Amino acid sequence: MKKIANHLPHYFSLIGLMAVAIFGLVMFDYDQGFQTAIAVSLSFGYFVWGVIHHMIHKDLYFVVVLEYLSVSILGLVVILSLIYR
Amino acid sequence: MQIAHYLAHFFVPHHSNNHRAKLLHPLVLTFIALFLVLGQLGLGLFGKATQGKVLGYAANISPSEVVRLTNIKRAEAGVEPLRVNPALSIGAKAKGEYMLEHDFWAHVAPDGTQPWKFFGDVGYKYRYAGENLARDFSNPQSAVEAWMASPTHKENLLSPKYSEIGIGVVEGDLSGVDTTLVVQFFGTQMTDTIPVTPVAAAEEKPVEQENVLTLSQAQIGQKVLISPFNTTKGLSLVIVGILLGVLVLDVIVISRRRITRVSSRSVAHIAFLVMLILIIVIVRAGQII
C-alpha cells in the first residue's frame, strides 16, 4: 500500500486518461472514426504511461515493456471489436 | 494433483511461472488478443455462410413511433412538427431495401446512386431534402437518441426547413447479419411555402417511376437471433473478468509472500481492466450515419 501511495500522482494521471477516454467514447458514440481514434490513443497512452512510470522508478526492463504492450493491445482489440460490431 | 498444478501455473504466482500467473505473461495475453480477432473474423464468416439466418439484431421498431419521437424532440426545440408523407415513407423503405439488395451501408451507394433518387422515384418534388440512417438499434428511442447526440443528424431532425417526414424500416441480411435498417427521409415539397433560409444541398431530379413498393407500418423483427454485438460483449466480459480476477489474486499472493520480482504494476493493469469492463458495459449496439 505504501508503494501505491508513493505512486499516487502517477495513478491520478492514469485515472485521468481513462476517465477522458470513457467520456469520449460515450459522448461520441455516433462517430465510429472518432471512437477508434480514442481507443488507439487510450491504448497507446497506457503503454507510454507504463514505460514512463517505470523509467522514473528506474525499474524499466524489456519484459515490463512487453507486459504493458500486450495489455494495451488486448484493450484495443476489445474496444474495437465492440465498436465495429 | 496434475490438474491443481496446471491451475496454479496458469492462475497463481508460482515458482513454475516465475511468480507471475502464466495467463498474465505477454505471449499468452497476445494469444488472447489474437483469439478475439480470429473470433470476430469467424463471426463474420459464419454470418456470411448462414446468410443472416442465425446472427442478427432483434428489433422492434415501428415507423410511427420514430415519427412520434422525432416530433417530440422538435416540440422540445420549439420547431413545428413534421407531417407523415406516405410517398416519402415509400421512398425511405425503397432506400433501405436498396441497401440490403446491394449490400452497402451508406448515404451514397457504391454505384453512385444518391439518396435523392428515391425521392424522385416516388414523385416527391422537393425544395429541401435530407436523410438520416440508423441500424442495429433494438428500439426507436435508442435510434432517435443516437441521432440527437450527433450534431449533423440533430440538425436534420430539428431543421425548420422540413415540413414532412417518411420512415422506412427494413429488415434483412446485410453482410451476413440479419439487420434492421431505419431510413428517415425529411422533405419540403416545391409547392410548400415554408419561410426558410438558404437552399439545402439537394437538386431536383425528374420523376422516373411510379410507386412500386408497399408501405408496411407493422412492427418487424420479432424473431430471436444470436446478436453478434451481445456475443462479442459477453465474450469480452468473460475474458477481461478472468484476467481481472487473476490480477487481484496476483496482488494478494505477491504482497503476502513478499516476493520481489521484475514485472509491470498489477494495480495499473487492474485499473485498466476495470475501465475496460466499464467500456464493455457502456458501449451500445447500433450505428448511425
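Just so you know, the protein sequences line up as chains C and Y, in that order. If you want this note's numbering, it's the position in the first sequence, counting the first as 1, plus 911. If you want this note's numbering, it's the position in the second sequence, counting the first as 1, plus 6. Backbone N, C-alpha and C fix where the C-beta goes; we use that ideal spot for every residue, glycine too. Remember, it's a predicted structure, so these values are computed and weren't measured experimentally.
Exposure label - residue i; buried when at least 16 CB within 10 Å
i, result
"residue 69 (chain Y)", "buried"
"residue 109 (chain Y)", "exposed"
"residue 978 (chain C)", "buried"
"residue 73 (chain Y)", "buried"
"residue 919 (chain C)", "exposed"
"residue 19 (chain Y)", "buried"
"residue 969 (chain C)", "exposed"
"residue 32 (chain Y)", "buried"
"residue 3 (chain Y)", "This structure leaves residue 3 (chain Y) out entirely; chain Y is present only between 7 and 295."
"residue 82 (chain Y)", "exposed"
Other residues of its chain near residue i: CB distance less than 8 Å, five sequence neighbours each side excluded
i, result
"residue 239 (chain Y)", "286, 289"
"residue 46 (chain Y)", "238"
"residue 93 (chain Y)", "128, 129, 130, 172, 217"
"residue 257 (chain Y)", "272, 273, 276"
"residue 235 (chain Y)", "63, 142, 291"
Contacting residues, own chain, Cβ-Cβ under 7 Å from residue i (five flanking each side not counted)
i, result
"residue 34 (chain Y)", "28"
"residue 935 (chain C)", "949"
"residue 958 (chain C)", "979, 980, 983"
"residue 38 (chain Y)", "245"
"residue 77 (chain Y)", "87, 88"
"residue 114 (chain Y)", "120"
"residue 147 (chain Y)", "75"
"residue 162 (chain Y)", "136, 138, 192"
"residue 232 (chain Y)", "60, 61"
Beta-carbon proximity check, residue i vs residue j, cutoff 8 Å
i, j, result
"residue 79 (chain Y)", "residue 128 (chain Y)", "no"
"residue 194 (chain Y)", "residue 132 (chain Y)", "yes"
"residue 85 (chain Y)", "residue 988 (chain C)", "no"
"residue 40 (chain Y)", "residue 253 (chain Y)", "no"
"residue 178 (chain Y)", "residue 189 (chain Y)", "no"
"residue 922 (chain C)", "residue 155 (chain Y)", "no"
"residue 281 (chain Y)", "residue 933 (chain C)", "yes"
"residue 956 (chain C)", "residue 270 (chain Y)", "no"
"residue 15 (chain Y)", "residue 24 (chain Y)", "no"
Same chain, Cβ closer than 6 Å to residue i, neighbours up to 5 away in sequence not counted
i, result
"residue 212 (chain Y)", "With a pLDDT of only 36 at residue 212 (chain Y), under the threshold of 50, the placement of this residue in the model should not be trusted; the figure read from the coordinates follows. Correct list: empty, nothing qualifies."
"residue 268 (chain Y)", "none"
"residue 141 (chain Y)", "185, 187, 293"
"residue 945 (chain C)", "939"
Through-space distance from residue j to residue i, alpha-carbon basis
i, j, result
"residue 12 (chain Y)", "residue 54 (chain Y)", "38 Å"
"residue 17 (chain Y)", "residue 182 (chain Y)", "38 Å"
"residue 255 (chain Y)", "residue 995 (chain C)", "32 Å"
"residue 250 (chain Y)", "residue 8 (chain Y)", "25 Å"
"residue 103 (chain Y)", "residue 242 (chain Y)", "33 Å"
"residue 931 (chain C)", "residue 953 (chain C)", "9 Å"
"residue 976 (chain C)", "residue 21 (chain Y)", "22 Å"
"residue 50 (chain Y)", "residue 985 (chain C)", "20 Å"
"residue 203 (chain Y)", "residue 138 (chain Y)", "Low confidence applies here, because residue 203 (chain Y) scores a pLDDT of 43, under 50, leaving its location unreliable and the question unanswered by this model."
"residue 264 (chain Y)", "residue 26 (chain Y)", "13 Å"
"residue 926 (chain C)", "residue 116 (chain Y)", "43 Å"
"residue 176 (chain Y)", "residue 90 (chain Y)", "18 Å"
"residue 112 (chain Y)", "residue 284 (chain Y)", "30 Å"
"residue 964 (chain C)", "residue 974 (chain C)", "15 Å"
Which runs of the beta strand (DSSP E), 3 residues or longer, sit entirely within the region 104-175 of chain Y? 132-141
Taking the runs of the alpha helix (DSSP H) that are 4 residues or longer, which of them lie wholly in the region 925-987 of chain C? 943-967
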